[in-house]
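Colleague:
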Amino acid sequence: METILIVGGARSGKSQRAIELSRDTAPDRIFVATAEASDPEMADRIERHRADRGPGFTTVEAPLELVDALERAASPDRVVVVDCLTLWLSNLMHYGRDVEAQTAALTRFIARTPGPLILVSNEVGMGLVPGTPLGRGFRDAQGSLNQAVAAVCGRVEFMVAGLPMALKG
Amino acid sequence: METILIVGGARSGKSQRAIELSRDTAPDRIFVATAEASDPEMADRIERHRADRGPGFTTVEAPLELVDALERAASPDRVVVVDCLTLWLSNLMHYGRDVEAQTAALTRFIARTPGPLILVSNEVGMGLVPGTPLGRGFRDAQGSLNQAVAAVCGRVEFMVAGLPMALKG
Amino acid sequence: METILIVGGARSGKSQRAIELSRDTAPDRIFVATAEASDPEMADRIERHRADRGPGFTTVEAPLELVDALERAASPDRVVVVDCLTLWLSNLMHYGRDVEAQTAALTRFIARTPGPLILVSNEVGMGLVPGTPLGRGFRDAQGSLNQAVAAVCGRVEFMVAGLPMALKG
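Chains as they are written, first to last, in the working numbering: chain A, 2 to 170; chain B, 2 to 170; chain C, 2 to 170.
(1) Can you give me the Cβ contacts of SER76 (chain A) inside the same chain, cut-off strictly under 8 Å, excluding the 5 residues immediately before and after it?
(2) Within 10 angstroms of its Cβ, does ARG18 (chain C) collect 16 or more other Cβ (buried), or is it exposed?
(3) Give the straight-line distance between the Cα atoms of THR35 (chain B) and ALA149 (chain C), rounded to the nearest whole angstrom.
(4) By the DSSP assignment, the beta strand (DSSP E) with GLU158 (chain C) in it spans what residues?
(5) Between C:GLY136, C:PRO134, C:LEU90, C:PHE58, which lies nearest to THR26 (chain C) when the distance is taken from Cα to Cα?
(6) At the 8 Å Cβ level, is LEU135 (chain C) part of the contact set with chain B, yes or no?
(7) Mind pulling the chain C residues with CB within less than 9 Å of GLU37 (chain B)?
(8) Starting from the Cα of ALA152 (chain A), find the closest Cα among A:ASP141, A:VAL161, A:ALA142, A:LEU168 and give me that residue.
(9) Please compile the residues from chain B whose C-beta is within a distance smaller than 7 Å of the C-beta of ASP141 (chain C).
(10) At a Cβ threshold of 8 Å, is PRO131 (chain C) touching chain A?
(11) List the residues that DSSP assigns as beta-bridge partners of LYS15 (chain A).
(12) Does the separation of the CB atoms of THR60 (chain C) and ARG49 (chain C) fall below 8 Å?
(13) Which one of B:ILE47, B:VAL161, B:MET43, B:ALA106 has the shortest CA to CA distance from GLU66 (chain B)?
(14) Check whether the segment 133–150 of chain B and the segment 6–21 of chain A touch, using three or more Cβ-Cβ pairs below 8 Å as the test.
(15) Rounded to whole angstroms, what is the Cα-Cα separation between THR87 (chain B) and PRO56 (chain C)?
(16) In the DSSP assignment, the alpha helix (DSSP H) including GLU72 (chain B) goes from what residue to what residue?
(17) Listing by chain order, which chain A residues have their CB less than 7 Å from the CB of GLU124 (chain B)?
(18) Comparing alpha-carbon positions, which option in B:THR108, B:GLY144, B:ILE7, B:LEU22 lies nearest GLY128 (chain C)?
(19) Exposed or buried, what is GLY97 (chain B) when buried is set at 16 or more other beta-carbons lying within 10 Å of its beta-carbon?
(20) Would a check of beta-carbon distances place GLU42 (chain A) closer than 8 Å to chain B?
(21) The alpha helix (DSSP H) spanning THR87 (chain C) covers which residue range?
(22) On the DSSP letters alone, give me the boundaries of the alpha helix (DSSP H) that VAL153 (chain B) sits inside.
(23) Which residue marks the beginning of the beta strand (DSSP E) containing PRO165 (chain B), and which one marks its end?
(24) Hey, could you find the ends of the beta strand (DSSP E) ASP29 (chain A) is sitting in?
(25) Does any residue of chain B have a CB that is nearer than 8 Å to the CB of MET166 (chain C)?
(26) In the DSSP assignment, find the alpha helix (DSSP H) that holds VAL61 (chain C) and state where it starts and stops.
(27) Looking at C-alpha atoms only, which residue of C:ALA44, C:ASP78, C:GLU158, C:ASP69 is the closest neighbour of VAL121 (chain C)?
(28) What is the rounded straight-line gap between the Cα of SER91 (chain C) and the Cα of GLY126 (chain B)?
(29) Can you list, in chain order, the residues of its chain whose CB lies under 7 Å from that of GLY170 (chain B), leaving out five sequence neighbours each side?
(30) Using only alpha-carbon positions, find the residue among A:GLU3, A:LEU164, A:THR133, A:ALA112 that is nearest to VAL80 (chain A).
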């Protein structure tokens, strides 16, 4: 089944690209949001994203139990958009979950999903070395997650200024 | 008319690429500088840039009134280089101008310019999430500006290590 | 002789790509490590890298005297992997060496090396402007070094999420 990873910087057009690619893929569309509305700034960001993507999606929230949500959502007649792996990773680390085990479960799921799947993730490793061990740990974990997911997806796109470059597929 | 956006990281060769593309485009060349020499480090940076591009340019300074400067400069016989949108955005935000209205005026201008135009802008969204609301706001505004300008330019290039990749056109 | 620069963000798969490209290039392989085990975090990182690349390499440490190490190592029968120019630059700046002279010596070496050479470097200029002069200086020096090395290498690749894009060659 078609599996696509869309990776790029902040405000590079990743979410819009995912929405665009999900059109005409399947009659039914599920949006899996990994954000938690933990503060007003984040709540505002979530609300803007919801407005941007318009109607036509069923939204499911999965800040931590992403793989479970995907198991329930996946179907040949339904395209699933995950936005985004960066917040999921951030939540996993914040709550002390086993990132390696979760990554392995996610890549196993992607490799055998019965339905089309589009995942969004951030590139965060192209600035200076972060000043704190926590920052460096997150940056490294995000890079490893992106590599692991890219390796099992059929197509990978890199977004810059709203424009996609094909990295794979 | 040919309109080109050159986007990339710091010291990726964006300015030199813009200068290079402006050669042979038109007999007359205007360089629109958006930097303000607000401190010695910036004054030094401006001076080095001026030395790097050599003679053959008329330089116009437009830290805020970029669209006005472009209206005056644009002509079929003249290529205009804008370096860079990142400092323009930073100046707009610093002086509390309406970024959305300015972006709209700029994209309208680009869509109907009578002469060739080359714009330089920074990619700033591929590091960790900035630690302050101001930093996050700037990063988001820069990403949105890059997307809006890329959408109306005929050609978009992404620079890495002094080498261009075509994103569009 | 084949000379390749691999540039990318943190954890983008640069080192693995260099190892992969070095296979079948020449019977003998030298790994030039520029890291200094100056603290436990760095020592741990060096050890993980050594384990990742497996046997089949002779490792040489050259935190500062990189060009000397390359002069000694280079041979038509031997592929040399340098990992990475970012730590070398950081060491040069930390110990107050002449970065311009060192860069010139390195690019002269690359242009006339008798054997295959693969160099790894980081892209660090796609985040927000660093908050300190030291940070801005490092970011600028890294960008200039990447441009200078890319200009003399026969092939340049940009890594994102473990996947290479050809920038040159």
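Heads up, the beta-carbon is just placed ideally off N, CA and C, and yes, glycines get one too.
Note that this is a predicted model, so its numbers are computed, not measured.
Modeller: Taking the structure as given:
(1) Scanning its chain for C-beta atoms nearer than 8 Å, with the 5 sequence neighbours on each side dropped, one finds around SER76 (chain A) the residues ASP29, PRO115, GLY116, in chain order.
(2) So ARG18 (chain C) counts as buried.
(3) So the alpha carbons of these two residues sit roughly 27 Å apart.
(4) From DSSP, the beta strand (DSSP E) with GLU158 (chain C) extends over 156–161.
(5) Comparing Cα-Cα distances from THR26 (chain C) to each of C:GLY136, C:PRO134, C:LEU90, C:PHE58, the minimum goes to C:PHE58.
(6) Taking Cβ atoms only, chain B never reaches closer than 8 Å to LEU135 (chain C), which makes this a no.
(7) Residues of chain C passing the Cβ test: none, with the nearest at roughly 14 Å.
(8) Comparing Cα-Cα distances from ALA152 (chain A) to each of A:ASP141, A:VAL161, A:ALA142, A:LEU168, the minimum goes to A:LEU168.
(9) Result: ALA11, ARG12.
(10) Yes, contact with chain A.
(11) Partner(s): none; LYS15 (chain A) has no beta bridge.
(12) Not closer than 8 Å, so no.
(13) Considering only alpha carbons, the answer is B:ALA106.
(14) Flag = yes, the segment 133–150 of chain B and the segment 6–21 of chain A touch.
(15) About 47 Å.
(16) Looking at the DSSP string, the run of the alpha helix (DSSP H) that includes GLU72 (chain B) is 67–74.
(17) Below the 7 Å Cβ cutoff, chain A contributes GLY10, VAL161 as neighbours of GLU124 (chain B), in chain order.
(18) Cα-wise, what sits closest to GLY128 (chain C) is B:GLY144.
(19) GLY97 (chain B) comes out exposed.
(20) Look at GLU42 (chain A): its C-beta is under 8 Å from a C-beta on chain B.
(21) Counting along the chain, THR87 (chain C) sits inside the alpha helix (DSSP H) bounded by residues 86–95.
(22) Looking at the DSSP string, the run of the alpha helix (DSSP H) that includes VAL153 (chain B) is 134–153.
(23) If you look at PRO165 (chain B), you'll find it in the beta strand (DSSP E) that goes 164–169.
(24) Annotation for ASP29 (chain A): the continuous beta strand (DSSP E) segment containing it runs 29–34.
(25) At least one chain B Cβ lies under 8 Å of MET166 (chain C).
(26) Element bounds for VAL61 (chain C): not the alpha helix (DSSP H) but the beta strand (DSSP E), 59–62.
(27) Of the residues C:ALA44, C:ASP78, C:GLU158, C:ASP69, the one whose Cα lies closest to the Cα of VAL121 (chain C) is C:GLU158.
(28) Roughly 23 Å between the two C-alpha positions.
(29) GLY155, ARG156, VAL157.
(30) Ranking the options by Cα distance to VAL80 (chain A), first place goes to A:GLU3.
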